[in-house]
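Read through the structure below, which is laid out as structure tokens, and then see the notes.
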Amino acid sequence: MRRRAVPLPAMALAAVAVAAFALPLVALAVRAPWSDAWRHLTTHEARQAFVLSMETSLLATAVAVVLGVPLAWVQARVDYPGRNFVRALTTLPMVLPPVVGGTALLLALGRRGIAGQYLDDVGVHLPFHVSGAVVAEAFVAMPFLVLTLEAAFRSVDTRLEDAARTLGASQWTVFRRVTLPLVRPSLVAGAVLCWARALGEFGATITFAGNLPGKTQTLPLFVYVRFEGADPAAAIVLSLAMMAVSLAVLLALRDRWLGLR
Amino acid sequence: MRRLWAVLGAVALLAACSRPEDAPAVRAADTLTGGLTVFAAASLADAFADAEAVIERDHRGLSITFNFAGSQVLVQQIAEGAPADVVATADTKTMDKLVAAGLVERPAVLARNTLVIAVEPGNPEGIAGLADLARPDLAVVLADPSVPVGAYAAAALDHAGVTVRPKSLELDVKAALAKVTAGEADAAIVYATDVTAAKGRAASVAIADADNQVVTYPIAVVRATAHKRAARELVTELARGRGRAALRAHGFLLP
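Chains as they are written, first to last, in the working numbering: chain A, 363 to 623; chain B, 2 to 256.
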């Protein structure tokens, strides 16, 4: 590759941006009580919150993939009236304050909610339950997958699909054997973004699902409770652990599946 | 000579314009002035909003900005150097942390509060006291024990010998009450004032005096304030002056 002169102002501003991201994380690492770190990581409550966060964020990502892939495909390929409105609607959770999202979920799916009262009749209670945390996380995180994937579906060269179809492949086979492999990097990237957002979800979860250790107290909630309460040291250690896991996953996936360096 | 007349005329005109009623508002002696930031416990929000209106009417040069949050959040924020002039917490324990750290002046008692059980309007589950909260058919929500109201609730339940399996440990008292007003929980232990503030969207069931906890709200001037004199006057006004009627109207007990 031909090397080009890098403009100095761009480098300087980029360095400022990197510093802005790095400084708070460095501060956490500097302030962390490293001598007790292991003890803080392995307390029963911390492990419980960690496991719960992994479970709920992965389940939320699974929900987002099952519902989000068809949604992204429809948005990219089907021309129907109101498509832009639907796109705006399904992007809204990205900009909505999560607490408002959680309240909206409560009004929709809570015990007295407009849909939740019927769920209640058949014995489904989302609030104060693990499934509530999954719903809250999926609600907030799914747009990250859908937006990424919709752009990918649009950029697929449809002549490849047409070629497959002329060779006799059914629509499903075309999707499975041609379209999906072409968008796989975006699917993985979208799913990872979605998972990362779900892992960090706080406001919608606490508002909709509540905060009960072992049940709905995910890692961000645990960190918040500890940080303002008796044990800020544990909060810092757990935050660092969460960051390390996310960073590792983001790095690994980028190299392995996206083929980007 | 003509110039003298012009000056005299102008003075007369000015005198005519300033009506005597305006005099107190512009008197130089009013030192309760400028912009003051008050960090206050979430449960004080409504009473302080009313007090603000009255106090700012008396002191035209004054502009109060509030930051309402859980007391432990306020302590954290002030410890990290947040620009507060006055702080009022929902218990003495959190305020003592600020006192111990030398971050505030000596606190005064602002008001007192008691605990009640918040239930849905009309008390459909027929909850009569703390003992009922152990019923397995009830969805009970408490505040986390790291939050003052959660600690008081735990103490009250402990004293009454009642074991509750809460559905959630909320992060502040308003969040706990919101679960009841949203119909998601059947009961929550909150401050008496919070049910007053819910204006009919929740009802209260009394907790026996023997088990109940008296909650003291201290208020203090933050040492780092750039407006020490005004901050001290505002504390006096809130705790001893115009703030009292507002606090009483919202269900607080006064010292």
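All C-beta atoms in this analysis are idealised placements derived from N, C-alpha and C, irrespective of residue type, glycine included.
Original post:
Would V236 (chain B) pass as a contact of A186 (chain B) if the rule is Cβ separation under 9 Å?
Top reply: What you label residue 236 (chain B) is simply residue 235 of the second sequence in a count that begins at 1. What you label residue 186 (chain B) is simply residue 185 of the second sequence in a count that begins at 1. Cβ atoms of V236 (chain B) and A186 (chain B): not closer than 9 Å.
**OP:** Return no unless some Cβ of chain B is closer than 9 Å to the Cβ of R588 (chain A).
**Re:** Sequence index remark: in the first sequence, residue 588 (chain A) carries index 226 (1-based). Cβ-Cβ to chain B under 9 Å: yes for R588 (chain A).
**OP:** Compute the Euclidean distance between the alpha carbons of D482 (chain A) and K200 (chain B), then round it to the nearest angstrom.
**Re:** The residue you call residue 482 (chain A) lines up with position 120 of the first sequence. The residue you call residue 200 (chain B) lines up with position 199 of the second sequence. In a straight line, the C-alpha of D482 (chain A) is about 27 Å away from that of K200 (chain B).
Subject >> Proximal residues to A24 (chain B) (C-beta, below 6 Å), its chain only, five neighbours per side dropped >> reply: Position 23 of the second sequence, counted from the first residue, corresponds to residue 24 (chain B). Confidence is the limiting factor: at A24 (chain B) the pLDDT is only 43, short of 50, which leaves the residue's position unreliable, though a coordinate-based value still follows. Hits under 6 Å: none found.
Original post:
Where do the ends of the beta strand (DSSP E) carrying I118 (chain B) lie?
Top reply: Taking the second sequence and counting its residues from 1, the one referred to as residue 118 (chain B) is at position 117. 109-120 is the extent of the beta strand (DSSP E) around I118 (chain B).
**OP:** Within its chain, find whatever has a CB closer than 8 Å to the CB of A26 (chain B); leave out the 5 residues flanking it on each side and keep chain order.
**Re:** As a first step, residue 26 (chain B) is located in the second sequence; it is residue number 25 there, counting from the start. Residue placement at A26 (chain B) cannot be trusted, given a pLDDT of 46 that sits under 50; the coordinates are not used to answer.
Subject >> Neighbour-count burial assignment, P489 (chain A), 16 or more Cβ in a 10 Å radius >> reply: In the first sequence, residue 489 (chain A) corresponds to position 127, counting from 1. P489 (chain A) is buried by the Cβ-count criterion.
Original post:
Along the chain, where does the beta strand (DSSP E) that runs through P582 (chain A) open and close?
Top reply: As a first step, residue 582 (chain A) must be located in the first sequence, where it is residue number 220. Unbroken run through P582 (chain A) is the alpha helix (DSSP H), 581-590; no beta strand (DSSP E).
Original post:
Just how far apart, CA to CA, sit S419 (chain A) and V216 (chain B)?
Top reply: By one-based count along the first sequence, residue 419 (chain A) stands at place 57. By one-based count along the second sequence, residue 216 (chain B) stands at place 215. If I take the Cα positions, the gap works out to 39 Å.
**OP:** Tell whether a beta-carbon distance below 9 Å holds between V587 (chain A) and S44 (chain B).
**Re:** In the first sequence, the residue the question calls residue 587 (chain A) occupies position 225. In the second sequence, the residue the question calls residue 44 (chain B) occupies position 43. Against a cut-off of 9 Å, the Cβ pair of S44 (chain B) and V587 (chain A) comes out as no contact.
Original post:
Going by Cα to Cα distance, which pick from A:P594, A:D593, A:E563 is closest to Q579 (chain A)?
Top reply: Along the first sequence, read from residue 1 onward, the residue named residue 579 (chain A) stands at position 217. Per the Cα distances, A:E563.
**OP:** Could you tell me whether the Cβ of K180 (chain B) comes closer than 9 Å to any Cβ of chain A?
**Re:** As a working note, residue 180 (chain B) is residue 179 in the second sequence. Cβ-Cβ to chain A under 9 Å: yes for K180 (chain B).
Original post:
DSSP state of S19 (chain B), grouped into three classes?
Top reply: If you number the second sequence from 1, residue 19 (chain B) lands on position 18. Because the pLDDT of S19 (chain B) is 48, which lies under 50, any placement of that residue in the model is unreliable, and the number read from its coordinates should be weighed accordingly. Coil.
**OP:** Please name the residue in B:F67, B:L116, B:L99 whose C-alpha comes closest to that of S205 (chain B).
**Re:** Here residue 205 (chain B) refers to the residue found at position 204 when the second sequence is read from its first residue. The shortest Cα separation from S205 (chain B) among B:F67, B:L116, B:L99 belongs to B:L116.
Original post:
What separation, rounded to the nearest whole angstrom, lies between the Cα atoms of T95 (chain B) and V88 (chain B)?
Top reply: Taking the first residue of the second sequence as 1, we reach residue 95 (chain B) at position 94. Taking the first residue of the second sequence as 1, we reach residue 88 (chain B) at position 87. Distance between the alpha carbons of T95 (chain B) and V88 (chain B) is about 11 Å.
**OP:** On a CA-only basis, which of A:G565, A:L613, A:A610, A:A596 is nearest A466 (chain A)? Give me that one, please.
**Re:** For the purposes of this step, residue 466 (chain A) is identified with residue 104 of the first sequence, where counting begins at 1. Nearest of A:G565, A:L613, A:A610, A:A596 to A466 (chain A), Cα basis: A:G565.
Original post:
Buried or exposed: which applies to T520 (chain A), given that a residue is buried once 16 or more other Cβ atoms fall within 10 Å of its Cβ?
Top reply: As a working note, residue 520 (chain A) is residue 158 in the first sequence. Exposed is the call here.
Original post:
Cα-Cα, which of A:P594, A:L612, A:A389, A:A560 is closest to L403 (chain A)?
Top reply: Taking the first residue of the first sequence as 1, we reach residue 403 (chain A) at position 41. The shortest Cα separation from L403 (chain A) among A:P594, A:L612, A:A389, A:A560 belongs to A:P594.
Subject >> Residue range of the alpha helix (DSSP H) that includes N213 (chain B) >> reply: The residue given as residue 213 (chain B) occupies position 212 in the second sequence. Per DSSP, N213 (chain B) belongs to no alpha helix (DSSP H) and is neither H nor E.
**OP:** Pick helix, strand or coil for A24 (chain B), following the three-state DSSP scheme.
**Re:** In the second sequence, counting from the first residue as 1, residue 24 (chain B) sits at position 23. Its pLDDT being 43, under 50, A24 (chain B) is placed unreliably by the model, and the measurement read from it follows with that caveat. DSSP places A24 (chain B) in helix when its eight states are reduced to three.
Subject >> Residue environment, H251 (chain B), which counts as buried when at least 16 other CB atoms sit within 10 Å >> reply: Walking along the second sequence from the start, residue 251 (chain B) turns up at place 250. By the 10 Å Cβ count, H251 (chain B) comes out buried.
Original post:
Per DSSP, T528 (chain A) forms a beta bridge with which residues?
Top reply: Your numbering for residue 528 (chain A) matches position 166 in the first sequence. Answer is none; T528 (chain A) lacks a bridge partner.
Original post:
Taking any Cβ of chain B, which residues in the stretch 484-497 of chain A have a Cβ under 7 Å from it, in chain order?
Top reply: P489, F490
Original post:
Going by alpha carbons, who is nearest to G35 (chain B) out of B:T90, B:I56, B:Q73?
Top reply: What you label residue 35 (chain B) is simply residue 34 of the second sequence in a count that begins at 1. G35 (chain B) has its Cα closest to that of B:I56, out of B:T90, B:I56, B:Q73.
**OP:** Compare the Cα-Cα distances from V181 (chain B) to each of B:P149, B:I65, B:V120 and report the closest residue.
**Re:** By 1-based counting over the second sequence, the position of residue 181 (chain B) is 180. For V181 (chain B), the nearest C-alpha among the options comes from B:V120.
Subject >> 9 Å Cβ cutoff, A560 (chain A) in contact with chain B >> reply: By 1-based counting over the first sequence, the position of residue 560 (chain A) is 198. By this cut-off, A560 (chain A) is not an interface position.
Original post:
In the DSSP assignment, what are the bridge partners of E171 (chain B)?
Top reply: Counting from 1 along the second sequence, the entry for residue 171 (chain B) is found at position 170. In DSSP, E171 (chain B) forms a bridge with B:A144.
Subject >> Identity of the residues DSSP links to A41 (chain B) by a beta bridge >> reply: One-based indexing of the second sequence puts residue 41 (chain B) at position 40. Answer is B:F69, B:A89, bridged to A41 (chain B).
Original post:
Taking DSSP as the reference, what is the three-state secondary structure of Y442 (chain A)?
Top reply: Reading the first sequence from its first residue, position 80 is the one you call residue 442 (chain A). It is coil, neither helix nor strand.
**OP:** Just the C-alpha distance for V224 (chain B) and L172 (chain B), rounded to the nearest angstrom, thanks.
**Re:** Reading the second sequence from its first residue, position 223 is the one you call residue 224 (chain B). Reading the second sequence from its first residue, position 171 is the one you call residue 172 (chain B). At residue 224 (chain B) the sequence reads Arg, which differs from the Val that was named. Answer to the nearest angstrom: the Cα atoms are 28 Å apart.
**OP:** Please state whether DSSP places L414 (chain A) in a helix, a strand or coil.
**Re:** The count along the first sequence starts at 1 and reaches residue 414 (chain A) at position 52. Looking at L414 (chain A) - three-state DSSP - the assignment turns out to be helix.
Original post:
Leaving out the 5 sequence neighbours to the left and right, which residues in its chain are closer than 6 Å to A109 (chain B) when beta-carbon positions are compared?
Top reply: Within the second sequence, numbered from 1, the residue matching residue 109 (chain B) stands at position 108. The residues are I220, A240.
Subject >> Short Cβ contact (9 Å threshold) for A231 (chain B) with L99 (chain B) >> reply: Walking along the second sequence from the start, residue 231 (chain B) turns up at place 230. Walking along the second sequence from the start, residue 99 (chain B) turns up at place 98. Going by C-beta atoms, A231 (chain B) is not nearer than 9 Å to L99 (chain B).
**OP:** Pull up the DSSP beta-bridge partners for P395 (chain A), would you.
**Re:** One-based indexing of the first sequence puts residue 395 (chain A) at position 33. Bridge partners of P395 (chain A): none, in fact.
Subject >> Given A495 (chain A) as reference, the closest of A:L529, A:P460, A:L511, A:L507 once Cα atoms are compared >> reply: Residue mapping note: residue 495 (chain A) aligns to position 133 of the first sequence, counting from 1. Ranking the options by Cα distance to A495 (chain A), first place goes to A:P460.
Original post:
Who does S205 (chain B) pair with in a DSSP beta bridge?
Top reply: Here residue 205 (chain B) refers to the residue found at position 204 of the second sequence. Answer is B:A119, bridged to S205 (chain B).
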